[in-house]
């Protein structure tokens, strides 16, 4: 099965991804009400368990109509300290891209894997 070409904005972000030690993918579709908690939990886990590594959090969105991508990019990660008690927060890059193709988890994860291979 041939890979779907990366969206332009994903190709431009490849350099950020190349420098990362850890790449975390969050697939989504119309998850605006809950995705902020997921993003905060990811940042909390990175800060607690992998503070010495650089990370990129990639949201692969399947064309949400409810502003899911905006919710990912605007999630207040400074609130994550509530999950960590006293562990400092890690500064990780956060990216959100639409994927094109058959809607579903497989396609969303396919974009994340393509980007991680970059």
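Numbering (this note's numbering), first residue to last: 3 to 120.
Here a beta-carbon is modelled for each residue, glycine too, at the ideal position from N, C-alpha and C.
If you draw a straight line from the C-alpha of residue i to the C-alpha of residue j, how long is it?
{"i": "residue 42", "j": "residue 105", "result": "25 angstroms"}
{"i": "residue 66", "j": "residue 50", "result": "31 angstroms"}
{"i": "residue 57", "j": "residue 79", "result": "14 angstroms"}
{"i": "residue 110", "j": "residue 54", "result": "28 angstroms"}
{"i": "residue 17", "j": "residue 70", "result": "24 angstroms"}
{"i": "residue 27", "j": "residue 40", "result": "11 angstroms"}
Please confirm whether residue i and residue j have their CB atoms less than 9 angstroms apart.
{"i": "residue 107", "j": "residue 29", "result": "yes"}
{"i": "residue 99", "j": "residue 15", "result": "yes"}
{"i": "residue 101", "j": "residue 68", "result": "no"}
{"i": "residue 22", "j": "residue 116", "result": "no"}
{"i": "residue 33", "j": "residue 77", "result": "no"}
Quick check on residue i: buried or exposed, where buried means 16 or more other Cβ atoms within 10 Å of its Cβ?
{"i": "residue 75", "result": "exposed"}
{"i": "residue 103", "result": "exposed"}
Compute the beta-carbon to beta-carbon distance between residue i and residue j, rounded to the nearest angstrom, for a pair I have assumed lies under 8 angstroms.
{"i": "residue 60", "j": "residue 97", "result": "5 angstroms"}
{"i": "residue 44", "j": "residue 118", "result": "Rounded, the Cβ-Cβ distance is 15 angstroms, inconsistent with contact."}
Less than 9 angstroms between CB atoms is the rule here; does residue i satisfy it with respect to chain D?
{"i": "residue 54", "result": "Within the model displayed, chain D is absent; a lone protein chain is all it includes."}
* **Contiguous beta strand (DSSP E) assignments of at least 3 residues, all confined to the region 13-83** => For the region 13-83, the continuous beta strand (DSSP E) assignments of 3+ residues that do not extend past its boundaries occur at 24-30 and 57-63, in sequence order.
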